[in-house]
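**Q** Okay, handing you the structure first.
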Amino acid sequence: MEGFVKDYLQTTAERYLPTYYSNMCLRLLPIFELIINRMFEHMPNARIVDTVLPIAHNLFRVHAAPVTFLYHTLFVYEKKLREKAPFRQSLIIGMI
Numbered sequence: 001m002e003g004f005v006k007d008y009l010q011t012t013a014e015r016y017l018p019t020y021y022s023n024m025c026l027r028l029l030p031i032f033e034l035i036i037n038r039m040f041e042h043m044p045n046a047r048i049v050d051t052v053l054p055i056a057h058n059l060f061r062v063h064a065a066p067v068t069f070l071y072h073t074l075f076v077y078e079k080k081l082r083e084k085a086p087f088r089q090s091l092i093i094g095m096i
C-alpha cells in the first residue's frame with residue numbers, strides 16, 4: 001500500500017505519461033510526408049493533390065521541421081514541380 005501512496009504523492013514534474021498517450025497528429029506526419037512525396041512522383045490526377053494538400057497544411061503546423069521537409073521536397077522533385085507551379089506554390093504557402 002505504501003508504494004501506491006508514494007506514487008500518488010509524486011509531484012507533477014516527476015510524473016510521466018505512458019507512450020500510448022501521445023498526439024495523433026505527430027504520429028501521422030511521417031505518413032503524410034510519404035503520401036505527399038508519392039503524389040508528386042506520380043501526379044496523374046491534380047484533384048487528388050488539391051484535396052490532400054489542405055489537409056496536410058493543417059498537420060504540418062505541428063511539424064518539428066517543416067522548412068527542412070519543404071527543402072527536401074523541392075530539391076528532389078524540382079523538375080516535376082517546375083511544370084506544376086500551382087502545386088509548388090500551395091506547398092510553399094502551406095508549409096510556411
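Once you know that position 41 of the sequence shown is 41 in the UniProt record's numbering, the rest is easy, because the numbers rise by one and skip nothing.
Glycine is no exception: its CB is placed at the ideal position from the N, C-alpha and C atoms.
Owing to the predicted nature of the structure, the values given are computational and were not obtained by experimental measurement.
Going by other Cβ atoms of all chains shown within 10 Å of its Cβ, with 16 needed for buried, is V62 buried or exposed?
**A** Locating residue 62 in the sequence shown gives position 62, counting from the first residue. Per the 10 Å Cβ criterion, exposed.
**Q** Is there contact between the segment 74-86 and the segment 29-36, where contact requires at least three CB pairs shorter than 8 Å?
**A** When Cβ pairs closer than 8 Å are counted between the two stretches, the segment 74-86 is seen not to touch the segment 29-36, the count staying below three.
**Q** Nearest-angstrom Cα distance between residue 164 and H57?
**A** A query on residue 164 cannot be resolved here, the shown segment of the chain reaching from 1 to 96 and no further.
**Q** Do L70 and L91 have their CB atoms nearer than 8 Å?
**A** By one-based count along the sequence shown, residue 70 stands at place 70. By one-based count along the sequence shown, residue 91 stands at place 91. Contact: yes.
**Q** I'd like the span of the alpha helix (DSSP H) that includes N37, first residue to last.
**A** Within the sequence shown, numbered from 1, the residue matching residue 37 stands at position 37. It spans 24-42 - the alpha helix (DSSP H) in which N37 sits, taken as one unbroken run.
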